[in-house]
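Numbering (my numbering), first residue to last: 2 to 838.
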Amino acid sequence: MTYEQILERLPDRKSTSNGWQAKCPAHDDRKASLCIHQEQDGKVLMKCQAGCETKDILAVLGLTWSDLFPEKSQSAPSQPGQRKKRGRSFAADRRVVATYDYVNEDGELLYQVQRTDAKEFIQRRRVIRDNVAKWDYNIKGVTRVLYRLPQIRSAIAEGRPIYLVEGEKDVHTLESWGLAATTNSGGAMSKWLDSFSRTLAGADVIILPDNDTPGKKHAEDVGRSLQATAGRVRVVCLPDLKEHGDVTDWAAAGGTLEKLIALQEAVPDFRPGSVHQEYVTPDDIVRIDIKNQPLRLTGQAAINALRAKNIPPYLFLQHGSVVRFRETETGIPLIEQVGDAIMTARLADICDFTSDTNDGVRYHNPPREVVRYALSSDSLPFPKLVGVTESPLLRPDGTILQKPGYDPETGYLYKPAEGFEMPEVPLNPTKEQIEDAIDLVKEVFCDFPFVDEASRANTIALMLTPLLKTIIPKIPLALIDATKWGTGKSLLAEVCATISAGAYSLTTAPLDAEEWRKKITSLLADGKPYIILDNIKRVLESESLAALLTSTTWTDRVLGNSQTTSITNNAVWVVTGNNLQTNGEIARRSYLVQIDAQISAPHERDVSKFRHPDLMQWVTCNRGPILAALFTLIRAWISARRPLFDTPKMGSFETWAKTIGSILAFVEIAEFLGNKDVLMSDADAESVQWEAFLARWVELYEHYPKTVVQIKDALTSSDGFEGVLPETISYAVKGDSVNTSKVGKALKAKEGTRFGRSCYRLRRVGEYKRAVLWRVDCDDQGSNSGDLGDHGEVGPVPPTREIEPQQDSTHACNGVVQGHQGHQVASPDGSRDWVEV
């Protein structure tokens, strides 16, 4: 719509220095309070000095917000004193598709409502100015009436029901069915006047609201108003109606007069609140006013609400971060870090954020700054969560955590599987009860071919460990080793996990150091209490795994950014494999379970001859009694005041070895950690490899420094290192191809480590052509060692720099000569001299 067309709807306007002034049509204006101005971009501004809102002014004028904004082809602003450009006609701007006459009881026209093809509604009246009839688009002061007033009066007199709808088109739809219908101009968007209710005095009124919130609110307001005047009021919400749909849409979709009559006969009489109830904050929802107060107060109010609604605990703290517990669709328990999205949802569930406006209370989504304040506060009131367990746990005071829910003493959330029950555990078990418990525990493993009693005792230790983790800070790695596939190593690991932990994670081992780090972080973040790395095929060696086993907290980078996260390491870690091989670092952090079926095809055994052919099903059905048996062994030791026995030592895991070993010794289960020497001797094979490799290095190069590139050819040569390559280096050698980067990493991993009686050891002594120089030292090396000075037994020497070759022959004597300000030796390739400063 053009600026000029808008002005035409204000007949008493007058020009000003900045636009126009007119009497505001939204109130009884006597001072021309309405100011109208057009910006350079064509946008029209309206301002009532008396305070009327623009939307109310537009409604009276029959305009919409879009009418105040120019179309691309609209002309530039027209200011007073300028010649007006010819604007487009109204018909060109919008096409009128229907005109509805509002008349008085005598049928005289009062005003019209026009509907355009854009579904906009325009109100106008006929006026005489200067003896000329014109249309005035301001109907202020005109008596408002219901549509089809004469017909409505007649229908009421005849006792026919009156159908009240929200538009003139709907009135005509119902009239086509022979019904008497009416509406007020503007429908739900206009105020229902008391005079309308008086018009319908004594009538049987049936209200048919549009299917949206304004329509239902309008029906509620009209129903309340009509209760004092109408003979009967009913509200029929039409079924299967699309959003914003009306009775015309319903008829087009198959609605009929018969269906409508059936619906109206089935509904009860109107009661206030039965159609649309204004939302009021319930008593159990915290209302927080966000207007005119600082973030500190709003944020603290949100935190107070989170505290009050965190019973039983839903949000927790773990290493300074807010986390929550949830279960997956399959019932798997997870610990999940709480970010903006989860906190927004939580605050929306427990709080209403509001502000007071002239139109009443306004409700808001949880403000983003409040969400971040709640996540970042230093005084979050949530309990500390150590972990989630599906099994009962021993508390430090000797009692058993058996009540589902959060336990403040241990920091664990106990969520048993549905239907799980554990029999009562005796406080002071008798000898007979202890023997029965041992028999039941051993029954679990009766079909497994343990190599020795140490493996059986270590398996029972593996089952006890998850139940005791509240008093054991560090847990070693369990290695379940079989001689051949099909023996049952994976089943043994899963049986132990099912009994003692319930939930567990079964996965494969990563292939490189970076994948080890990522996988450990991912597995710990899931919160699983029991993790099985199944069927290891390569040598088990990982700096990350080794570091994890001796730590109670794992710290790593968050994927996708530079932030770090810290996660509690309270999981039990198990590795399975056939003829497992480990390096020394892993071996010393592990205990061993060995099984051997002593046949060539263990997988072909007749399981029907086993005592428990379907062991997992038997274990699942008897999990409660088996756990009670394990706790009976623990309780027997506790009731005896926790005596400590002389058990095998295990560095870094003293508490685990002493606690588990003493329990087993007290109930007379022998050979705990009795196969430790087997495990360490297998791991020592690596030391033998490195001793042979470094001894060959000394044979080839004596004690002169070399880079990896300089020994590259020797790594693949029969005259070099062939036959004595350690396994970690052999991975980097493929035929005649050598991955020098991997070789360098392997050397770095063993820097300073002594091998064999001669204590062979690698030492970095500088750089040559930007590559690390490695030298092999040993305790019995001769004087011609190329020693660069006394820098201690192990470790790098001070930084070096390269200099030009020395031309003076006096500076070369058997490859090693004392120089001026350092030690001068022959260059690694013999082509030049170099000096370490």
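Just so you know, even glycine gets a beta-carbon here, dropped at the ideal spot from N, CA and C.
Nearest-angstrom Cα separation, counted from residue j out to residue i
{"i": "Q338", "j": "A747", "result": "37 Å"}
{"i": "E259", "j": "I286", "result": "45 Å"}
{"i": "I439", "j": "G721", "result": "57 Å"}
{"i": "K15", "j": "G142", "result": "21 Å"}
{"i": "I435", "j": "L634", "result": "6 Å"}
{"i": "Q113", "j": "V61", "result": "13 Å"}
{"i": "L478", "j": "V594", "result": "11 Å"}
{"i": "K192", "j": "T184", "result": "12 Å"}
{"i": "E669", "j": "T648", "result": "13 Å"}
{"i": "T65", "j": "Y103", "result": "21 Å"}
{"i": "E106", "j": "Y148", "result": "11 Å"}
{"i": "R89", "j": "P367", "result": "Any reading at R89 is ruled out, since the residue's pLDDT is 38, under 50, leaving its predicted position unreliable."}
Buried or exposed by the 16-neighbour rule on C-beta atoms within 10 Å, applied to residue i
{"i": "G332", "result": "exposed"}
{"i": "T509", "result": "exposed"}
{"i": "Q599", "result": "exposed"}
{"i": "N132", "result": "exposed"}
{"i": "I312", "result": "exposed"}
{"i": "M344", "result": "buried"}
{"i": "N459", "result": "buried"}
{"i": "I140", "result": "buried"}
{"i": "P424", "result": "exposed"}
{"i": "Y4", "result": "buried"}
{"i": "I289", "result": "buried"}
{"i": "P269", "result": "exposed"}
{"i": "C25", "result": "buried"}
{"i": "E495", "result": "buried"}
Coarse secondary structure for residue i, derived from DSSP in three states
{"i": "K141", "result": "coil"}
{"i": "H219", "result": "helix"}
{"i": "G745", "result": "helix"}
{"i": "P450", "result": "coil"}
{"i": "G274", "result": "coil"}
{"i": "G578", "result": "strand"}
{"i": "H173", "result": "helix"}
{"i": "Y732", "result": "coil"}
{"i": "Y844", "result": "Missing from the structure shown is residue 844; the chain here goes from 2 to 838 and no further."}
{"i": "R833", "result": "With a pLDDT of 40 at R833, under the threshold of 50, the modelled position of that residue is not reliable, and no figure is offered here."}
{"i": "K48", "result": "strand"}
{"i": "Y4", "result": "helix"}
{"i": "Y407", "result": "strand"}
{"i": "G625", "result": "helix"}
{"i": "T17", "result": "strand"}
{"i": "D290", "result": "strand"}
{"i": "G662", "result": "helix"}
{"i": "P427", "result": "coil"}
{"i": "S609", "result": "helix"}
{"i": "V61", "result": "helix"}
{"i": "N459", "result": "helix"}
{"i": "P12", "result": "coil"}
Heavy atom of the ligand ATP within 7 Å of residue i beta-carbon
{"i": "P71", "result": "This structure lacks the ligand ATP, and indeed carries no ligand of any kind."}
Short Cβ contact (8 Å threshold) for residue i with residue j
{"i": "S506", "j": "L524", "result": "yes"}
{"i": "A514", "j": "S543", "result": "yes"}
{"i": "A462", "j": "L628", "result": "no"}
{"i": "I291", "j": "H365", "result": "yes"}
{"i": "R624", "j": "D448", "result": "no"}
{"i": "D247", "j": "V172", "result": "no"}
{"i": "I157", "j": "G203", "result": "yes"}
{"i": "K32", "j": "L69", "result": "no"}
{"i": "S725", "j": "R765", "result": "In the sequence as displayed, the identity of residue 725 is Val instead of Ser. Contact: no."}
{"i": "M681", "j": "A588", "result": "yes"}
{"i": "T211", "j": "T282", "result": "The question names Thr, yet the displayed sequence has Asp at residue 211. It is not a contact, given that the beta carbons lie outside the stated cut-off."}
{"i": "L239", "j": "G224", "result": "no"}
8 Å Cβ cutoff, residue i in contact with chain D
{"i": "A693", "result": "Absence of chain D from the displayed structure is noted, only one protein chain being present."}
Taking 8 Å as the cut-off, does the segment 388 to 398 touch the segment 304 to 316 (at least 3 CB pairs, one atom from each stretch)?
no
Check whether the segment 741 to 755 and the segment 671 to 679 are in contact - that is, three or more C-beta pairs closer than 8 Å.
no
Whether or not the segment 219 to 234 and the segment 265 to 278 are in contact is what I'm after, with contact meaning three or more pairs of Cβ atoms, one per stretch, closer than 8 Å; do they touch?
yes
Would you call the segment 481 to 491 and the segment 686 to 696 touching, i.e. three or more CB-CB distances under 8 Å?
no
Meets three-Cβ-pair contact criterion under 8 Å: the segment 397 to 404 and the segment 378 to 387
no
Does the segment 227 to 237 come close enough to the segment 196 to 214 that 3 or more CB-CB pairs lie under 8 Å?
yes
So, does the segment 407 to 420 touch the segment 441 to 455, judging by three or more C-beta pairs under 8 Å?
no
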